[in-house]
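**Student:** Residues in the sequence shown are numbered consecutively from 1, following full-length UniProt numbering.
Sharing a structure with you now.
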Amino acid sequence: MDKKDSVDYEWIRLFLEAKELGLTVDEIKDYFYSQTSKT
(Lines of atoms letter the chains of each structure in order from A and count residues from 1; the text may use other names and numbers.)
(Lines give C-alpha, C1' and ligand atoms only; values in the text may rest on other atoms or scores of the structure.)
Protein backbone atom coordinates (compact mmCIF):
# COMPACT_ATOMS: atom_id res chain seq x y z
CA MET A 1 0.00 0.00 0.00
CA ASP A 2 1.16 3.52 -0.75
CA LYS A 3 2.35 5.22 2.43
CA LYS A 4 0.60 8.46 1.51
CA ASP A 5 -2.74 6.68 1.11
CA SER A 6 -2.25 5.06 4.50
CA VAL A 7 -1.60 8.42 6.15
CA ASP A 8 -4.62 9.99 4.44
CA TYR A 9 -6.85 7.18 5.70
CA GLU A 10 -5.45 7.53 9.21
CA TRP A 11 -6.04 11.29 9.11
CA ILE A 12 -9.66 10.81 8.01
CA ARG A 13 -10.26 8.20 10.71
CA LEU A 14 -8.79 10.44 13.40
CA PHE A 15 -10.69 13.44 12.09
CA LEU A 16 -14.05 11.66 12.23
CA GLU A 17 -13.28 10.27 15.69
CA ALA A 18 -12.30 13.69 16.99
CA LYS A 19 -15.39 15.35 15.48
CA GLU A 20 -17.56 12.86 17.37
CA LEU A 21 -15.79 13.97 20.55
CA GLY A 22 -16.53 17.60 19.68
CA LEU A 23 -12.97 18.72 19.03
CA THR A 24 -12.18 21.73 16.86
CA VAL A 25 -10.22 21.44 13.63
CA ASP A 26 -7.20 23.07 15.28
CA GLU A 27 -7.33 20.57 18.14
CA ILE A 28 -7.58 17.72 15.66
CA LYS A 29 -4.56 19.02 13.73
CA ASP A 30 -2.50 19.46 16.90
CA TYR A 31 -3.39 15.94 18.02
CA PHE A 32 -2.69 14.41 14.61
CA TYR A 33 0.70 16.08 14.24
CA SER A 34 1.70 15.11 17.77
CA GLN A 35 0.81 11.48 17.00
CA THR A 36 2.55 11.33 13.62
CA SER A 37 5.74 13.01 14.84
CA LYS A 38 6.32 10.28 17.46
CA THR A 39 8.65 7.84 15.75
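Glycine included, every Cβ here is placed at the ideal spot set by N, Cα and C.
Leaving out the 5 sequence neighbours to the left and right, which residues in its chain are closer than 6 Å to Phe15 when beta-carbon positions are compared?
**Tutor:** Only Ile28 meet the Cβ criterion.
**Student:** Classify Thr36 as helix, strand or coil using the three-state DSSP reduction.
**Tutor:** Three-state DSSP puts Thr36 in a helix.
**Student:** Between which residues of its own chain and Phe32 is the CB-CB distance below 7 Å, once the five residues before and five after are set aside?
**Tutor:** Only Trp11 and Leu14 meet the Cβ criterion.
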